[in-house]
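Sequential numbering from 1458 applies to the sequence shown in my numbering.
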Amino acid sequence: MVYVDKIKSGKKTFYYLGKTIRIGENKWKKIRIKLGEKKPTREEIGDKLKKLKLEEYKVYNEDYLDADKLEVIDDFREVYNNHLKQIPKTIAEKEEADFLIRFTYNSNAIEGNRLTLRDTYLIIKEKQIPSGAPPKDYNEAINGREAFEFIKKYKGKLTIEFIERLNEILTKNTGVIYTGRVRFFPVKIEGAEHIPPEPEEVKPLLRKMIRFYNENKKKIHPFILACLIHARFVEIHPFEDGNGRTGRALMNWILMQTKYPKIFVPVKLRQKYYEAIDLHNQKNIKSYCQKMFEIVIEQFKL
């Protein structure tokens, strides 16, 4: 809870805006910013809340991303939510549909799907089958739409069962044998040095990932948390196929919980995205978060 402190310094009295935050088990830290010598008005306190939030970001997120970059993400969130309040429902629905098409196209294209953005539009919006569209590619587009609707409506917690259902939707009718089933066999990632964990490690690692999410969803910035869960998930590689698509959908589900703008990774930045994942696999977490920030900023420029 935020509070106002009145502290004497010599003959003068200063007001501070403060907050006590938990930094560990039985460990607390007080953060505060100076307001001045006069008792602040409610409006003045409101103006300083953003600055106090930045100080909190520095405590919890300094190992991941600099506070000024998180401020940029927060500014996008504010603009995004204000925009939604100002436009008619019909326009908001069109923008949501446009995002779904772009997210599905880019997420599938990263994994080798041959449909164009226009093809994806025809399948999702017009319910047409483009001439020459391979059945697998067509089904991946349909699955992308269904998966997006699923995460929009899902009101439960982050669980293995939720993740399994998400993967099942994304991979059905695409030739995958064990859709939505955590793997019980070893796998390799084509073109990558990272070797996913052995089958018996997968579920314990997923449970550890979920525990990390639950312990940090009120501490770590939502954008960072979404990026970290995405990277951990892809590193575990828990399914026969569709791990990248499931991880990117999962990232958006986390952002949606706190009303942050949804994101997609543009296929034109695929190489940069793979480099980011490699950085995380090498335990260079801050560089990974930095590169993901750069990718997202490119999306907002589109």
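Where a beta carbon is used, it is the ideal one built from N, C-alpha and C, also for glycine.
Keep in mind it's a predicted model, so treat the numbers as computed, not measured.
Anyone know if the C-beta pair for residue i and residue j falls short of 9 Å?
i	j	result
isoleucine 1581	alanine 1604	no
leucine 1662	arginine 1640	no
threonine 1703	proline 1679	no
lysine 1484	glutamate 1513	no
tyrosine 1472	lysine 1465	no
Can you have a look at residue i and say buried or exposed, based on whether 16 or more other CB atoms are within 10 angstroms of its CB?
i	result
aspartate 1525	exposed
phenylalanine 1696	buried
histidine 1540	exposed
lysine 1748	buried
glycine 1601	buried
methionine 1458	exposed
Can you tell me which of the options puts its alpha carbon nearest to the alpha carbon of residue i?
i	options	result
leucine 1511	Glu1528, Gly1503, Tyr1595, Val1461	Glu1528
valine 1659	Lys1674, Lys1676, Arg1602, His1694	His1694
phenylalanine 1646	Leu1627, Lys1629, Met1713, Gly1701	It should be pointed out that residue 1646 corresponds to isoleucine in this sequence rather than to phenylalanine. Of the listed residues, the one whose Cα sits closest to isoleucine 1646 is Gly1701.
aspartate 1520	Leu1557, His1737, Arg1727	His1737
phenylalanine 1607	Leu1541, Trp1710, Ile1478	Trp1710
asparagine 1630	Phe1721, Lys1674, Gly1699, Tyr1670	Gly1699
lysine 1614	Met1713, Glu1751, Lys1725	Met1713
threonine 1636	Ala1549, Glu1655, Pro1656, Asn1624	Asn1624
glutamate 1755	Ile1530, Lys1486, Tyr1460, Tyr1517	Ile1530
valine 1724	Arg1668, Ile1586, Lys1612, Thr1561	Thr1561
Strictly by DSSP, which residues pair up with residue i?
i	result
tryptophan 1710	Answer by DSSP bridge pairing: none, since tryptophan 1710 is not bridged.
valine 1439	Given a span of 1458 to 1759 for the chain in the structure shown, any question on residue 1439 remains unanswerable.
arginine 1489	Gly1475
serine 1466	Lys1469
valine 1459	Lys1476
Pair every Cβ in the region 1567 to 1586 with every Cβ in the region 1594 to 1603, then say whether three or more of these pairs are closer than 8 Å. Enough Cβ pairs lie closer than 8 Å, so yes.
For the pair the region 1667 to 1674 and the region 1718 to 1727, tell me if three or more CB-CB distances fall below 8 Å. Touching, no, given that fewer than three Cβ pairs across the two stretches are closer than 8 Å.
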